[in-house]
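Inspection log for the structure reproduced underneath, given as structure tokens.
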Amino acid sequence: MSVAILLFILFLLVLLFSWNSIWQRYVPPHIQVQLSVSNPSIRYGEQAELHIIIENRSSLPAPNVLCFFELPPQISLHQKSDNTESSILSKTKKAEEVSFVIAMRPRESATVSYPIFGIHRGHGHIQKIRVELSNGFSTYQFTDIATYCDIVVHPAHRSSSLIQQSLHKRPGTMPTLRKLFPMSTDWVDLRPYQSGDSMRDIAWMISAKQRELVVFERATSLRQQVLIVSNIQLYKDYWSGNIPSVIERIYEETMALALSLLSSSNALITILTNAIKGQRSHAYQLLHIEGAATSRNQFRIGHELGRLSTYAMDPMSAVLASIYRSQLAPTHIMILTAYEDEDMLQQYHRLTQVGHEIHKIMIPIQPIQDQE
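Under full-length UniProt numbering, the first residue of the sequence shown is numbered 1, with each subsequent residue one higher.
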């Protein structure tokens, strides 16, 4: 082998080494990746667009840029068929991965988009994306790039037979939703006051002679104020764990109840919960809403319920005690719960003593297997 060939090979090796050194020094630190979503709060089953923006800020090319990251369990690249358990998170299913390869010229930016679907209620996060770079001769493993992309998926919205049956029951020992004020079209029962009656039922003091008819007229009606309390405590030790299928059922029933009340009575609704939720302005209050069951109100309810955790921060008795301490005027309290204990029963009694009407909607704890 001649000296010229050896020198040429040596020159190529030096050139390759220099290229690799220069490329690794200037290109990888100047690769920027950002994630964004077209709609950060989507309804269950709704589609959104996930955008990955890659930018090469260096003066050298990046022939092969491999990006891959995991999707949170709340979203998927594939739409899920609608069924009764589709909002339950799986404990065994592997996280879905997104990966793609792109070639970039100097100082070029590119956007890659994927359609995503909301398949599970919850607050999902994409916190990092891994980028693997190649200059055409060697591969450079780039560190993870931190990203901040959040998406909220609302609870599944289905008509609830449990809620409809509860709202149409006749008043009994635990009265269902009814007006606490007589309206212009109501019949008013005249009877002695009994222990446990709501003080707001007594609107007038009446004196009538024998065989005398008393007629009441009321020109205006008052909106109903309703407290919906969503309890996700399933055990005496509220921090000891949960059952995802039951928790998701409670959130879905809470949404169905709120929309039913807005549709039927145009009520003033306040939703309270003992679920963990970050940056809450009030300890238990989740949402205050009024008006009809418009798409905007439905979106607000779904968004707030979608952000909730499946773990309780306090026992249910603490939520009921806070209602008692707030000294609210007597109102309807609709409680969705799958669990009761003595502390809760004591709080029920205290609330009814000051005029509140409590209506419990028991969520059955069924042996539903989490989806795989």
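From the three backbone atoms N, C-alpha and C, an ideal C-beta is built for every residue, glycine too. Nothing here was measured: the structure is a model prediction, and the numbers come from that model.
P315 beta carbon near the ligand HEM (any heavy atom closer than 7 angstroms): Inclusion of the ligand HEM in the displayed structure is not the case, the ligand content being empty and no account of it being possible.
Outcome for I363 when other beta-carbon atoms lying within 10 angstroms are tallied against a minimum of 16: Here residue 363 refers to the residue found at position 363 of the sequence shown. Buried, because 16 or more other Cβ atoms sit within 10 Å of the Cβ of I363.
Cβ contact check for the segment 325-332 and the segment 293-312: 3 or more pairs under 8 angstroms: No contact exists between the segment 325-332 and the segment 293-312.
Cα-Cα separation between L268 and R130, rounded to whole angstroms: The residue you call residue 268 lines up with position 268 of the sequence shown. The residue you call residue 130 lines up with position 130 of the sequence shown. About 48 angstroms.
Presumed contact (8 angstroms Cβ cut-off) between S109 and L66, rounded CB distance: Your numbering for residue 109 matches position 109 in the sequence shown. Your numbering for residue 66 matches position 66 in the sequence shown. Actually they do not touch by this definition, with Cβ atoms about 17 angstroms apart.
DSSP state of F8 mapped onto helix, strand, coil: Position 8 of the sequence shown, counting from 1, holds the residue named residue 8. The answer is helix: DSSP assigns F8 an H, G or I state.
Euclidean distance between Cα positions of residue 428 and E253: In this structure the chain extends from 1 to 372, so residue 428 is not present and cannot be described.
At least 3 beta-carbon pairs within less than 8 angstroms: the segment 52-61 vs the segment 6-15: no
The segment 20-37 / the segment 280-298 touching (three or more Cβ pairs under 8 angstroms): no
Reduced DSSP category for Q79 - H, G, I as helix; E, B as strand; rest coil: As a first step, residue 79 is located in the sequence shown; it is residue number 79 there, counting from the start. It is coil, neither helix nor strand.
Contacting residues, own chain, Cβ-Cβ under 6 angstroms from D201 (five flanking each side not counted): Locating residue 201 in the sequence shown gives position 201, counting from the first residue. The pLDDT assigned to D201 is 49, lower than 50, so where the model puts this residue is not dependable; a value taken from the coordinates is nonetheless given after this. The answer is none, since no qualifying residue turns up.
CA-to-CA distance, P61 to N135, given in whole angstroms: On the sequence shown, residue 135 is found 135 positions in, with the first residue counted as 1. On the sequence shown, residue 61 is found 61 positions in, with the first residue counted as 1. Answer to the nearest angstrom: the Cα atoms are 8 angstroms apart.
Within 8 angstroms, strictly: CB atoms of F68 and E97: As a first step, residue 68 is located in the sequence shown; it is residue number 68 there, counting from the start. As a first step, residue 97 is located in the sequence shown; it is residue number 97 there, counting from the start. The answer is yes: Cβ separation under 8 angstroms.
Touch test, the segment 29-48 against the segment 143-159, Cβ-Cβ under 8 angstroms, three pairs minimum: yes
DSSP beta-bridge partners of residue 379: Lying before the first or after the last residue shown, residue 379 is absent from the chain, which here runs from 1 to 372.
Integer Cβ distance of A283 from S309, believed to fall under 8 angstroms: By one-based count along the sequence shown, residue 283 stands at place 283. By one-based count along the sequence shown, residue 309 stands at place 309. In fact, because the Cβ distance is near 15 angstroms, the residues do not count as touching under 8 angstroms.
CB contact flag (L262, G306, <8 angstroms): Stepping through the sequence shown from its first residue, residue 262 is reached at position 262. Stepping through the sequence shown from its first residue, residue 306 is reached at position 306. Not a contact, by the Cβ cut-off of 8 angstroms.
Cβ shell of Y26 (< 8 angstroms), same chain only, five flanking positions each side left out: Here residue 26 is taken as the residue at index 26 of the sequence shown, counted from 1. Excluding sequence neighbours, Y26 sits near S58, S59 and L60.
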